[in-house]
Amino acid sequence: MFSVSAKTQYAIRAMSFLARNTERVVSSAEIAAAEQIPAKYLEGIMTSLKNGGLVSGERGKNGGYRLLKAASDIPMLQIVEALDGSVMPVNCVETPDTCSLGCSCMPRQFWIGLKSTIDDYLRDCSLQDLVEGATHAK
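The opening position of the sequence shown corresponds to residue 25 in our numbering, with each subsequent residue numbered one higher.
As structure tokens, this is what we get:
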């Protein structure tokens, strides 16, 4: 079944910590301790978030991370895609030739609809919504 990777779950926790601490640069050690994320694992996650244009990193003794834009301007979809790429409930959504039935597969439309619903939900929920507990439950 479709599930969110541990890497993405940790990334969301790290991003929510940064969203609650926008007034300063936050070290990866502080994020790791506060969010109970293995420090070495967090380093790779922060690199992915940086490469995804979500955070900036500052080196040095007083270095750390901060959000590149307001939490209200960061859709959850952008965080998920920075870590895991496109949400794919099944492979045939993007590559129909992975199925012996190809584009004529009846359930494929269901999977495409599921992907669309997930993408829409993640696009509609911002990091700020998550921090405020105001996700768009339906």
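Using N, Cα and C, we set each Cβ at its ideal position, and we do this for glycine too.
| Query | Result |
| --- | --- |
| Any idea what DSSP makes of Gly77, helix, strand or coil? | coil |
| Counting C-beta neighbours from all protein chains within 10 Å, is the total for Lys162 16 or more, i.e. buried, or is it exposed? | Any reading at Lys162 needs caution, since the residue's pLDDT is 47, under 50, leaving its predicted position unreliable; the model's value is listed next. Exposed, since its Cβ has fewer than 16 Cβ neighbours within 10 Å. |
| Would you kindly check if the distance between the Cβ of Gly81 and the Cβ of Met70 is under 8 Å? | yes |
| Note down, in chain order, each residue of its chain lying with its Cβ closer than 8 Å to the Cβ of Ala56, except the 5 sequence neighbours on either side. | Pro62, Ala63, Leu66 |
| Which residue marks the beginning of the beta strand (DSSP E) containing Gly84, and which one marks its end? | Here Gly84 belongs to no beta strand (DSSP E), and DSSP marks it neither H nor E. |
| Thinking Asp108 and Ser29 are a contact (beta carbons under 8 Å), I'd like their distance in whole angstroms, please. | 6 Å |
| Is the beta carbon of Ile36 sitting closer than 8 Å to the one on Ile142? | no |
| Helix, strand or coil, according to DSSP, for Lys162 in the structure here? | With a pLDDT of only 47 at Lys162, under the threshold of 50, the placement of this residue in the model should not be trusted; the figure read from the coordinates follows. Lys162: coil per DSSP, three-state reduction. |
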